[in-house]
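Participant:
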Amino acid sequence: MFHVGGARSALYNWAVARQSGGTFVLRIEDTDAARNKPEWIDGIVNALAAIGIHGEDASFEGPYFQSRNADRQREAAQQLFAAGRAYYCDCTREQLKERTGSEHLGYDGFCRERGLAFEEGRALRFRTPDEGETVVVDLVRGEPAFPNSAIEDFVIARGDGSPVFLIANVVDDLDEGITQVIRGEEHLSNTPKQQLLWEALGAEPPVWAHLPVIVNEKRQKLSKRRDKVALEDYLAEGFLPAAMVNYLMLLGWGPGDDREIMPYEELEQLFRIEDVNTAPAFFDVKKLTAFNGDYIRALSPEQFANACAPWLVAPYAPWAPEAFDKDLFEVVAPLAQTRLALLSEITSYVDFLFLDEPVRDDASWNKAMKAGAGDILFDARAELATVADWQADDLKAVLLAVGEKHGLKLGKAQAPIRVAVTGRTIGLPLFESMELLGRDRVLARLDAAAEKLAAAQA
């Protein structure tokens, strides 16, 4: 699944590429067979497309696959060996522990001068400089310096000759003409090693930019084991892609004024990678949900109806397909649009219109059907049966009169009516809902609720 942190990184890369007339390159690093399945690759491509990053745009290139460049990666590793920048090593972890007395110390350079040739089981290690420091020029973090003496001679090819991620990544970047690498800060510790490899291969390193980590409400790094992190899950829940894009762009960066809700096209023009913060960015689901509500309300009626479509059919919709009335939905949709924070909520807002009986929410029933509720249902039913013009204003007048008779304001008086008619205490405007539902169905539901209440009190 596509992590929201990866989505944020992709959007920042996309903005920089489009601003500069450059190209966004999608590479699938698929050398770990256990973590590589075609459907997962499709998921990444589709998730990127959902947030506006896709191959139909001239700024997009790929996907490339790391596994298909293995020969070039092996060749680069051998080039470093031939130049004396790498050497073979047959040390085991146990031997290193014996020499250093610790499981945690890095490699001690034991095989540096042994002159070993390739043999099955011998890893190829890069020879890091003994002195000086490697300075990483980072557009977000300045110029962090890493003492070379603290960087162990790291493995670039395994005992079977296959390249490891560090050199594969560098070779792929070189072959694909990568000039800027914008990624999460968890990769910063790899960067001095990769920069040394770039230089050893006779190339100038790219411009780096390491983005702040994204954290949850406990200020812990977002984790797929603990938090909801998949972009697909948020979209499936009813978050609009445009709202997700707007929110993700502001995780670690801001346009410098008080505005937050703005289209991607404007965010792209304002975005500057140099202005990204280094502090962790809080993924606030409540704020994201508020963004989403704003975006939902900004849709045209047609756009809103189309956006709701997935939640109006199985498996989300509890009604039979033939019970759904498209024309009726288009009438009620504007009433729902002003109330939704998530598109998936539409189902529970309109289900009472397309079901023979409303879905009964027990908490709503218990809250509304208290002492006196039966009398209100009885009186309301009697008055509603005689209403000449079945329209919202007249229905409201009836309930106002019933409420006055029982010494109740409209809000209290309509509570048992709402639950009887819609099944819930929260929903669309009651009188408009009753108008759309029709006299016969409303009266039948009031009768059913009164019978249930009487049976419970008997």
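If you use our numbering, the sequence shown corresponds to residues 1 to 458, in order.
No residue lacks a Cβ here, since even glycine has one placed at the ideal position from N, Cα and C.
On a predicted model such as this, the values are computed, not experimentally measured, just so you know.
1) I'd like to confirm the pairing. Which residues does DSSP put opposite residue 3 in its beta bridges?
2) Using the rule of at least 16 other Cβ atoms within 10 Å of the residue's Cβ for burial, across every protein chain shown, is residue 167 buried or exposed?
3) Please classify residue 258 as buried or exposed, where buried requires at least 16 other C-beta atoms within 10 Å of its C-beta.
4) Please say whether residue 267 and residue 318 have beta carbons closer to each other than 8 angstroms?
5) Three or more C-beta pairs under 8 angstroms: does that hold for the region 221-232 against the region 196-209?
6) What residues in its chain sit with their C-beta under 7 angstroms from that of residue 351, if we drop five residues either side in the sequence?
7) Could you tell me how far apart the beta carbons of residue 7 and residue 47 are, in whole angstroms, since I believe they sit closer than 8 angstroms?
8) How is residue 370 classed by DSSP in three states: helix, strand or coil?
9) Is the region 376-386 close to the region 276-293, with three or more CB pairs under 8 angstroms?
10) Considering only C-alpha positions, which residue in the set 55, 100 and 154 is nearest to residue 80?
11) Quick one: using the 10 Å Cβ neighbour count with 16 as the cut-off for buried, is residue 314 buried or exposed?
12) Between the region 290-299 and the region 228-245, do at least 3 Cβ pairs fall closer than 8 angstroms?
13) Give the C-beta separation of residue 410 and residue 403 to the nearest angstrom, bearing in mind that I take them to be a contact with Cβ-Cβ under 8 angstroms.
14) Using only alpha-carbon positions, find the residue among 31, 456, 388 and 423 that is nearest to residue 439.
15) Which value, in whole angstroms, describes the spacing of the CA atoms of residue 56 and residue 62?
16) Please determine, among 324, 2 and 445, the residue with the shortest C-alpha to C-alpha distance to residue 41.
17) Take the Cβ of residue 39 as the centre, count every other Cβ of all protein chains shown within 10 Å, and call the residue buried at 16 or more, exposed below.
18) Which of the three DSSP states is assigned to residue 287 in this structure?
19) Label residue 77 either buried or exposed according to how many other C-beta atoms from any shown protein chain fall within 10 Å of its C-beta, with 16 as the threshold for buried.
20) So, using beta-carbon positions, are residue 85 and residue 127 closer together than 8 angstroms?
21) In chain order, what are the residue ranges of uninterrupted beta strand (DSSP E) at least 3 long that sit wholly in the region 24-106?
22) Can you tell me where the alpha helix (DSSP H) holding residue 311 begins and where it ends?
23) Starting from the Cα of residue 122, find the closest Cα among 157, 333 and 269 and give me that residue.
24) Tell whether a beta-carbon distance below 8 angstroms holds between residue 436 and residue 420.
25) Residue 391 by DSSP, collapsed to three states: which one?
26) So what does DSSP say about residue 198, is it helix, strand or coil?
27) Does DSSP put residue 273 in a helix, in a strand, or in coil?
28) Go through its chain and collect everything with a Cβ distance to residue 159's Cβ below 8 angstroms, but skip five positions before and after it.
29) Taking the C-alpha atoms as reference points, what is the distance between residue 464 and residue 211?
30) Would a C-beta distance cut-off of 8 angstroms place residue 90 and residue 99 closer than the cut-off?
31) Based on the DSSP output, what are the partners of residue 210 in its beta bridges?
32) State the beta-bridge partners of residue 282 as determined by DSSP.
33) With DSSP as the reference, identify every bridge partner of residue 138, one or two as the case may be.
34) Using a Cβ-Cβ cut-off of 7 angstroms (strictly less than) and excluding sequence neighbours within five positions of residue 138, which residues of its own chain qualify?
35) Does residue 246 pass the burial test, meaning 16 or more other C-beta atoms within 10 Å, or should it be called exposed?
Facilitator: Taking the coordinates as given:
1) Along the sequence shown, one-based indexing puts residue 3 at 3. Beta-bridge pairing by DSSP links residue 3 to 230.
2) The residue you call residue 167 lines up with position 167 of the sequence shown. In summary, residue 167 is buried, with 16 or more beta-carbon neighbours lying within 10 Å of its beta-carbon over all protein chains present.
3) Within the sequence shown, residue 258 is the residue found at index 258, counting from 1. Exposed.
4) Residue numbering aside, residue 318 sits at position 318 when the sequence shown is read from its first letter. Residue numbering aside, residue 267 sits at position 267 when the sequence shown is read from its first letter. In this structure, residue 267 does not lie closer than 8 angstroms to residue 318 by Cβ.
5) Counting Cβ pairs under 8 angstroms, fewer than three are found: no touch.
6) As a working note, residue 351 is residue 351 in the sequence shown. The answer, listed in chain order, is 318, 319 and 359.
7) Sequence index remark: in the sequence shown, residue 7 carries index 7 (1-based). Sequence index remark: in the sequence shown, residue 47 carries index 47 (1-based). Sure, about 7 angstroms apart at Cβ, within 8 angstroms.
8) Looking up residue 370 in the sequence shown gives position 370. Here DSSP, grouped into helix, strand and coil, assigns residue 370 to coil.
9) Contact fails: fewer than three Cβ-Cβ distances are below 8 angstroms.
10) Counted from its first residue, the sequence shown places residue 80 at position 80. Looking only at 55, 100 and 154, the smallest Cα-Cα distance to residue 80 is reached by 154.
11) For the purposes of this step, residue 314 is identified with residue 314 of the sequence shown, where counting begins at 1. The residue in question, residue 314, is exposed, as its Cβ has fewer than 16 Cβ neighbours within 10 Å.
12) Because the criterion of three Cβ pairs below 8 angstroms is met, the region 290-299 and the region 228-245 touch.
13) In the sequence shown, counting from the first residue as 1, residue 410 sits at position 410. In the sequence shown, counting from the first residue as 1, residue 403 sits at position 403. Indeed they touch by this definition, with Cβ atoms about 5 angstroms apart.
14) Position 439 of the sequence shown, counted from the start, is the residue given in the question as residue 439. Looking at the Cα atoms, 388 is the closest of the given residues.
15) The count along the sequence shown starts at 1 and reaches residue 56 at position 56. The count along the sequence shown starts at 1 and reaches residue 62 at position 62. Looking at the two C-alpha atoms, the distance is approximately 11 angstroms.
16) The residue labelled residue 41 in the question sits at position 41 within the sequence shown. Selected option, being the one with the closest Cα: 2.
17) Translated into the one-based positions of the sequence shown, residue 39 becomes position 39. When all chains shown are included, residue 39 counts as exposed.
18) On the sequence shown, residue 287 is found 287 positions in, with the first residue counted as 1. Note: residue 287 maps to helix in three-state DSSP.
19) Position 77 of the sequence shown, counted from the start, is the residue given in the question as residue 77. When all chains shown are included, residue 77 counts as buried.
20) Taking the first residue of the sequence shown as 1, we reach residue 85 at position 85. Taking the first residue of the sequence shown as 1, we reach residue 127 at position 127. Against a cut-off of 8 angstroms, the Cβ pair of residue 127 and residue 85 comes out as a contact.
21) 24-28, 60-65 and 86-89, all fully within the region 24-106.
22) In the sequence shown, residue 311 corresponds to position 311, counting from 1. In the DSSP assignment, residue 311 falls outside any alpha helix (DSSP H) and carries neither an H nor an E.
23) One-based indexing of the sequence shown puts residue 122 at position 122. 157 is the residue among 157, 333 and 269 whose C-alpha sits nearest the C-alpha of residue 122.
24) On the sequence shown, position 436 is the one that residue 436 refers to. On the sequence shown, position 420 is the one that residue 420 refers to. With a cutoff of 8 angstroms on beta-carbon distance, residue 436 and residue 420 are scored as not near each other.
25) Counting from one through the sequence shown, the residue named residue 391 turns up at place 391. Correct three-state label for residue 391: coil.
26) Taking the first residue of the sequence shown as position 1, residue 198 is located at position 198. Collapsing the DSSP output to three states places residue 198 in a helix.
27) To locate residue 273, count along the sequence shown from 1; it is residue 273. Correct three-state label for residue 273: helix.
28) By one-based count along the sequence shown, residue 159 stands at place 159. Take residue 159, set aside five residues on each side of it, and the residues of its chain with a beta-carbon closer than 8 angstroms to its own are 120, 121, 122 and 123, in chain order.
29) There is no way to answer for residue 464, as the model of the chain reaches only from 1 to 458.
30) Translated into the one-based positions of the sequence shown, residue 90 becomes position 90. Translated into the one-based positions of the sequence shown, residue 99 becomes position 99. Result no, Cβ atoms of residue 90 and residue 99 do not sit closer than 8 angstroms.
31) Reading the sequence shown from its first residue, position 210 is the one you call residue 210. DSSP lists 183 as the bridge partner or partners of residue 210.
32) As a first step, residue 282 must be located in the sequence shown, where it is residue number 282. According to DSSP, which records beta bridges pairwise, residue 282 is partnered with 215.
33) Walking along the sequence shown from the start, residue 138 turns up at place 138. Per DSSP, 142 and 208.
34) Taking the sequence shown and counting its residues from 1, one reaches residue 138 at position 138. Spatial neighbours of residue 138 in its own chain (CB-CB distance under 7 angstroms, excluding positions within 5 residues in sequence) are listed in chain order as 144, 208, 209 and 210.
35) On the sequence shown, residue 246 is found 246 positions in, with the first residue counted as 1. With 16 or more other Cβ atoms inside 10 Å of its own Cβ, residue 246 counts as buried.
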